[in-house]
């Protein structure tokens, strides 16, 4: 696995890094094709918003340039950026003038079963709930124990993804993806003001759907939204869109709106 | 700063470590005096409980032996253990058979103003709230962005500690410490079933107080518990106990029960 730290090839990191000590940082997982990072502007934009939220003063132009170079070298696969607040001595208070540290890691493009795209996937019913923390909601920070615990709940390949609810019981997202409900020709996805990760593909779909004449709604979801859904799908910026065919006792067909949005994702990711 | 990784001197860590990627691990901060880790059994016990909660299969006898050796070499100061789930490739699912990784870091004993112990401290009123996540409550895991954000709220040395409330508004703990309320001769501290870190000094005080004829209560706190408190103090396993003399508009004297518990902490930490 190719990796850079602060623009230089490296395979290790100083123990004093606050990413290790406190999960004090952010990450982005970016598909790369023909040397190009895909949905790149949106990834950088989310990173900027996330840095602002955590008060990490990063040089985004530098990071963008480094990612561009890294992607060219990787050519195809997945580029992961970890941006931490930098190094510090013991204690939660950041060291004055600590420089944010940039870690880039490349990995081969994951290969998913063709059936995930064609016939859809089943979602595991995760018992691990998402805590409600508005200060961290939406951003892709490094505090990911909830996702680790949720993913550890199932081993069987029968489930390609798991559905996570918040501590109030509302369905929010997949462990690795955002969730869309299709109802009466509209797209509905969870509001992420209290928890969840505002995915780059989700943002892109929310932007493009209205230009295709498809109404979108961003609001709290309930279990009855799933029961009443005509179609369901999950999305992320690496694989695009998988129709959801089953969750718990519920089943859905792979419907026309999911297929239309898959075409949008396909055009963005070209895979 | 002396440091070991898996028992060997080291100053860096593999980039593939899940502690960095997801905060997938635990830590303990242990005072060391005359080569001995203090409150050692309690620290190891909490680590065991935390490992079980996160499903990290660690060799606790090995970790205990390593910490004993490390403390002897450090002689005096603070020993920090970070235990991560180990290394893995991309993805939340742990690699099969990944070995937990043990990181030990030593630092000099922090020097606190004598007035913190004698006249007490003022608590900053943190706006950062603790999210309610029963699965992670009580354990000292590496997902510490809430503490980082809370600690970044104040710079003035007027405040030695900050008070954190949960998202429902209940006072819970300090950024670095647990909180005790004294009322009518009883000790009351927050129940930590939904958030917070169950500190080792807190556990020790809860155990010892009844043997001194002091009743203890562990339950949800409210702001009116603070308003009605006769005394207030914060504690941790490094400095022991600081009386709290002020928080927001409230003020407290340094009372007799705080002094008695300070003597208990002093006997445990010998400082």
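Chains as they are written, first to last, in this note's numbering: chain A, 1 to 271; chain B, 1001 to 1271. Even for Gly, the Cβ is constructed at its ideal location relative to N, Cα and C.
Let me check understanding here. Comparing Cα to Cα, which of the options lies closest to residue i?
i, options, result
"residue 114 of chain A", "A/21, A/20 and A/240", "A/240"
"residue 1009 of chain B", "B/1207, B/1073 and B/1245", "B/1073"
"residue 1176 of chain B", "B/1185, B/1016, B/1238 and B/1221", "B/1238"
"residue 235 of chain A", "A/253, A/229, A/108 and A/202", "A/202"
"residue 1212 of chain B", "B/1013, B/1192, B/1221 and B/1263", "B/1263"
"residue 63 of chain A", "A/156, A/37, A/17 and A/153", "A/37"
"residue 1099 of chain B", "B/1120, B/1190, B/1024 and B/1058", "B/1058"
"residue 265 of chain A", "A/48, A/185, A/67 and A/117", "A/117"
"residue 182 of chain A", "A/88, A/35, A/233 and A/45", "A/233"
"residue 39 of chain A", "A/255, A/205 and A/260", "A/205"
"residue 60 of chain A", "A/78, A/41, A/71 and A/76", "A/41"
"residue 153 of chain A", "B/1025, B/1054, B/1035 and B/1256", "B/1054"
"residue 52 of chain A", "A/25, A/111 and A/75", "A/25"
Residue i touches chain B at which residues, Cβ-Cβ below 9 Å?
i, result
"residue 8 of chain A", "Per Cβ cutoff of 9 Å: no residues; residue 8 of chain A is ~12 Å from chain B at best."
"residue 82 of chain A", "1015, 1020 and 1021"
So with CB distances below 7 Å, who are the chain B contacts of residue i?
i, result
"residue 175 of chain A", "1092"
Using 10 angstroms around the beta-carbon of residue i, count the other beta-carbons present and answer buried if the total reaches 16, otherwise exposed.
i, result
"residue 223 of chain A", "exposed"
"residue 168 of chain A", "exposed"
"residue 1267 of chain B", "exposed"
"residue 97 of chain A", "exposed"
"residue 1249 of chain B", "exposed"
"residue 251 of chain A", "exposed"
"residue 1028 of chain B", "buried"
"residue 1138 of chain B", "buried"
"residue 193 of chain A", "exposed"
"residue 231 of chain A", "buried"
"residue 1185 of chain B", "exposed"
"residue 1006 of chain B", "exposed"
How far does the beta strand (DSSP E) with residue i in it reach, from first residue to last?
i, result
"residue 1028 of chain B", "1025 to 1033"
"residue 1155 of chain B", "Segment: none, residue 1155 of chain B is in no beta strand (DSSP E) and carries neither H nor E."
"residue 211 of chain A", "Not the beta strand (DSSP E): residue 211 of chain A falls in the alpha helix (DSSP H), residues 200 to 211."
"residue 1124 of chain B", "1121 to 1125"
"residue 1013 of chain B", "1012 to 1014"
"residue 1160 of chain B", "1159 to 1165"
"residue 1314 of chain B", "With chain B represented from 1001 up to 1271, any question about residue 1314 of chain B goes unanswered, as that position is not in the structure."
Does the distance from the C-beta atom of residue i to that of residue j stay below 9 Å?
i, j, result
"residue 1270 of chain B", "residue 1033 of chain B", "yes"
"residue 1103 of chain B", "residue 1128 of chain B", "no"
"residue 133 of chain A", "residue 1146 of chain B", "yes"
"residue 1196 of chain B", "residue 1161 of chain B", "no"
"residue 123 of chain A", "residue 159 of chain A", "yes"
"residue 1101 of chain B", "residue 1178 of chain B", "no"
"residue 1247 of chain B", "residue 1221 of chain B", "no"
"residue 1003 of chain B", "residue 13 of chain A", "no"
Under DSSP, the alpha helix (DSSP H) around residue i begins and ends at which residues?
i, result
"residue 266 of chain A", "256 to 269"
"residue 1063 of chain B", "1060 to 1074"
"residue 1145 of chain B", "1145 to 1151"
"residue 51 of chain A", "40 to 54"
"residue 1196 of chain B", "Per DSSP, residue 1196 of chain B belongs to no alpha helix (DSSP H) and is neither H nor E."
"residue 224 of chain A", "223 to 227"
"residue 1109 of chain B", "Neither: residue 1109 of chain B is in no alpha helix (DSSP H) and is coded neither H nor E."
Residues of chain A with a CB under 7 Å from the CB of residue i: which are they?
i, result
"residue 1103 of chain B", "15"
"residue 1128 of chain B", "135"
"residue 1224 of chain B", "Those within 7 Å of residue 1224 of chain B in chain A number zero; the least Cβ separation is about 24 Å."
"residue 1055 of chain B", "152"
Could you list which residues in chain B have their beta carbon closer than 8 Å to that of residue i, in chain order?
i, result
"residue 144 of chain A", "1021, 1022, 1023, 1024, 1092 and 1143"
"residue 132 of chain A", "1131, 1132 and 1167"
Whose Cβ in chain A lies nearer than 8 Å to the Cβ of residue i?
i, result
"residue 1012 of chain B", "12, 13, 14 and 15"
"residue 1003 of chain B", "15"
Under 9 Å Cβ-Cβ, which residues of chain A neighbour residue i?
i, result
"residue 1181 of chain B", "Residues of chain A passing the Cβ test: none, with the nearest at roughly 24 Å."
"residue 1058 of chain B", "What residue 1058 of chain B touches in chain A: nothing, since even the nearest Cβ is about 16 Å away."
"residue 979 of chain B", "Given a span of 1001 to 1271 for chain B in the structure shown, any question on residue 979 of chain B remains unanswerable."
With 9 Å set as the bound, which would you pick, yes or no: does the beta-carbon of residue i sit closer than that to a beta-carbon of chain C?
i, result
"residue 1033 of chain B", "Of the chains in the structure shown, none is chain C; the protein chains are A and B."
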